[in-house]
Structure formats: structure tokens, C-alpha cells
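Participant: Sharing a structure, written as C-alpha cells. Questions coming.
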Amino acid sequence: MLSDESITDAMSNGMKLGNVVLNADVLKYPNRATEISYSDFALHLHTNTIGPIICAQKLLNLSLDSPPPKIVFISSDSGSTTRFLDFEDGFGAYAASKSALNQMLRHIAAELGRSG
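Numbering (numbering that gives the first Met the number 0), first residue to last: 0 to 115.
Quick look at the structure:
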């Protein structure tokens, strides 16, 4: 069974990660901003934003000498901050979670760029 320990053990025995694709997605429809419950909003944020970001952090910190060459995230045009899709009725929490993912990725890229 795959676990944090098994991955750490493999990395300490010389295993190197290749490119990684992270795809996490939940869409509980409808999720209108004016009607969404706390638990449904939290579900979207935990699955679509927090999960992929924490997973990427763990991957980047597995081996500081040999991080994955690329980590690719799957997002959505619903999360675009420059191209708002007002015809998408009932996608409020989903769009917010994907937009939050996109913003965190910008910060990760900037932080990694500053650290070399």
C-alpha cells in the first residue's frame, strides 16, 4: 500500500520522480454563491484547491536535491480571473475553488523562482 513512509523510503533508496500531473476535481451542482452551504463550499475548496496544493508541497519536499522536473495541475476555465463566464449558472463554489488554485499556483511559481 502506498503511504508517506513508503514514498520517503523509495526516495531515500535513490528513486527519482519524473513529471507529475495533479488532477483533483469535484463539482457538486448546483453551487450558487447565494445558496451554497458551508459544507458544500468546504468540499469544493478541500478537493479542488487545498488537496492539490498540499500534495505538491509534499512532492517538492520529498527530495530537495531532486524535486520533480515538472508538476502540472489541471484547472478549469471556470477559475479564470480574466475571463469570467457569467453564463455558468450554479458554478460559484467550483469557480472560486479553481480560481484559488490558480492563484496559489502563481505564488508557488514565484516562490520557487526566487529560491532558484
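Each residue gets a CB set at the ideal place from its N, CA and C atoms; glycine is no exception.
Quantities reported herein were computed from a predicted structural model and do not represent experimental measurements.
In angstroms, rounded to a whole number, what distance separates the CA positions of Ile35 and Ala92?
Facilitator: Between Ile35 and Ala92, the C-alpha separation is close to 7 Å.
Participant: On the CB-based measure, 16 or more other CB atoms within 10 Å of its CB, does Ala32 come out buried or exposed?
Facilitator: exposed
Participant: In chain order, what residues of the same chain have a beta carbon less than 7 Å from the beta carbon of Phe90, not counting five sequence neighbours either side?
Facilitator: Asn30 and Ser77
Participant: At what residues does the beta strand (DSSP E) containing Phe86 begin and finish?
Facilitator: Taken as a continuous stretch (DSSP letters only), Phe86 belongs to no beta strand (DSSP E), as it is neither H nor E.
Participant: Name the one or two DSSP bridge partners that Phe40 has.
Facilitator: For Phe40, which the question treats as bridged, DSSP gives no partner whatsoever.
Participant: Could you work out which residue in Ser38, Asp39 and Ser65 is closest to Thr7 when comparing CA atoms only?
Facilitator: Among Ser38, Asp39 and Ser65, the Cα nearest to that of Thr7 is on Ser65.
Participant: Of the choices Arg113, Lys69 and Leu26, whose alpha-carbon is the least far from that of Thr46?
Facilitator: Residue Leu26 holds the alpha-carbon nearest to the alpha-carbon of Thr46 among Arg113, Lys69 and Leu26.
Participant: Let me confirm a value: Ala94 is counted as buried when at least 16 other C-beta atoms fall within 10 Å, else exposed. Which label applies?
Facilitator: buried
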